[in-house]
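Take a look at the structure set out below.
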Amino acid sequence: MSRTFRYIQNDDVLRSFMEFRDVIRKRPVVIARHGDYVLYLSSLSGDIMGLSIENLEKKKIVFSRTYDINKTTDALVARGTRHAVQKMSELSDEDVNRKRLQIWKWYIMEWQKNNAESEEELVNRELTWDDSNETQKEDILDMESFLHGAYLNLGDTLHLINTYLQNEKHKDMFRRFAINDIMELTGEDTKDKSIIEAEKNRKSEDEENHTYRFTVSVEATDKEHARQALLNYLAGDERIKVQK
């Protein structure tokens, strides 16, 4: 999924409006962005401040809220902004899931055309339930396997879009979505692999390094002098000798 880019923090929204009101009167400013959605801060009229979420792809306002700056507080505006950012994230994730699901359906339709002889067996397998780990379903009906497997083949995915969509506007929308989504997914996979590799290297280093504990006797007039003598030795004081 896409991540949220923040430009104004929740607690700073009202203060930013008060400080840059003259600029905001002329044009809205962006508080945050997530996928195709943008959260704007705007001046509606006089002392009325507005928060609005716009879908840039559809050029449509999908959420709006207003505040009278003379009757609100930083805490109320911060809470409203946090809610708007969360809603924006949810709307974006819903759009992504709907588009992914649609491409997955085309992938299944393509598979059915090329594997007609196996279709009945596949359907029959889905009509029964087996919760044992011994029986694994075909990857074709596993959304997660699809997203991290066949879907990542950009050439095949773009071919499916061109095959099953006739409307050029929709084709262009799905092409841009698939390219951006696959780039993000492959980036996440690469990051996960890097984390796993780093963890393996760390464990390998831990296995090569060992911790040893020694019992040390120090002659001194009292405990504090003994402690200081030991610290001096560890710091490299050659006047203190250690019996080998």
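Going by our numbering, 1572 is the number at position 217 of the sequence shown; the sequence numbering is gapless.
C-beta: ideal position from N, C-alpha, C; glycine also.
Nothing here was measured: the structure is a model prediction, and the numbers come from that model.
With 16 other CB atoms within 10 Å as the buried threshold, where does R1582 fall? Exposed.
Meets three-Cβ-pair contact criterion under 8 Å: the region 1417-1436 and the region 1448-1466: no
Which of the three DSSP states, helix, strand or coil, is assigned to S1549? Residue placement at S1549 is poorly supported in this model, since its pLDDT is 48, which falls under 50; the coordinates still yield a value, given next. Correct three-state label for S1549: helix.
Would you kindly work out how many angstroms separate the C-alpha atoms of H1525 and D1448, rounded to a whole number? H1525 and D1448: Cα-Cα distance of roughly 19 Å.
Quick check on DSSP: helix, strand or coil for A1575? Three-state result, A1575: coil.
In three-state terms, what does DSSP make of F1418? strand
The beta strand (DSSP E) that contains A1387, what's its start and end? 1384-1389
Output the boundary residues of the beta strand (DSSP E) element that contains L1513. Not the beta strand (DSSP E): L1513 falls in the alpha helix (DSSP H), residues 1509-1519.
Q1467 versus G1542 - alpha carbon distance: 30 Å
Mapping the DSSP letters down to three states, classify D1497 as helix, strand or coil. coil
Quick check on the DSSP output: what are the complete beta strand (DSSP E) runs of length 3 or more inside the region 1431-1469, in order along the chain? Listed in chain order, there is nothing to give.
Return the chain-ordered list of same chain residues with a C-beta closer than 7 Å to the C-beta of S1444, the five sequence neighbours on each side being excluded. T1359, H1389
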